[in-house]
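A.B. asks: Sending over a structure as structure tokens; questions will come in a sec.
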Amino acid sequence: MDAAAALPKLTALLEQLRPVMEKSDYAAALPILQEMRKAGASNPGLYYDMAITAYLLNPSEKRLDQLMDFVTGERGLAFARYAFYLCLYAGDLDRAQRIADGALQGARDQEALLIRATLAYNREGPDAGWKLFAQVPPIFRQSAAAWFRRDIPAIQSVRHDPRFEAWMNEEM
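Using the numbering used here, you'd call the opening residue of the sequence shown number 282 and step up by one each time.
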């Protein structure tokens with residue numbers, strides 16, 4: 282099917298998809314996503330949505346591996362951070378580390394530093410993590426407060442460390 286012919290069908294499918302995704306109704310979303318693929322959609326966002334929806338419907342090692350393959354591949358790099366958080370949420374620090382080592386390797390932004398420090402804290406121990414957290418300039422620390430409110434055990438372990446408040450308030 283050519284793009285011009287596929288566009289009306291894909292537009293209608295997107296209109297169906299939006300409310301189900303907003304409700305987190307993944308059982309209803311997956312067939313719509315699959316129909317979009319059959320109709321000719323072929324972009325990384327669709328593949329990511331299909332992979333994450335399949336995982337959320339039936340969490341398994343196999344589904345997480347499929348998601349990892351996608352986000353660490355060339356077409357999925359834009360979604361690597363999403364997958365990183367999913368791995369952290371699932372408690373899979375090894376997969377999260379593989380994402381950080383691969384897809385986020387060259388990233389130098391504040392979030393990437395928080396990601397690396399959180400991994401070090403949880404995998405190598407608090408002292409290793411705090412060495413990296415110390416690299417976050419004090420002026421940016423307060424803006425990271427929302428990041429630390431995420432309901433992800435690996436992030437919460439840092440937030441509940443007795444050194445956290447001192448770090449946030451530049452006392453380290």
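Even for Gly, the Cβ is constructed at its ideal location relative to N, Cα and C.
Since we're looking at a predicted model, the values are computed, not measured.
Is Lys319 helix, strand or coil by DSSP?
C.D. replies: Residue state, collapsed to three classes: helix.
A.B. asks: Indicate whether Ala310 and Val301 have their beta-carbon atoms separated by less than 8 Å.
C.D. replies: In contact: Ala310 and Val301 (Cβ atoms closer than 8 Å).
A.B. asks: For Glu451, does the three-state DSSP call read helix, strand or coil?
C.D. replies: Here Glu451 sits in coil by DSSP.
A.B. asks: Give me the Cα-Cα distance between Ala388 and Gln347, rounded to the nearest whole angstrom.
C.D. replies: Taking the straight line joining both Cα atoms gives about 23 Å.
A.B. asks: When you compare the CB positions of Trp428 and Leu394, do they come within less than 8 Å of one another, or not?
C.D. replies: No; because the gap between Cβ atoms is not below 8 Å, this pair is not in contact.
A.B. asks: Within 10 angstroms of its Cβ, does Ile380 collect 16 or more other Cβ (buried), or is it exposed?
C.D. replies: Its Cβ being crowded by 16 or more others within 10 Å, Ile380 is buried.
A.B. asks: Ends of the alpha helix (DSSP H) at Lys412?
C.D. replies: Start and end: 407 to 414.
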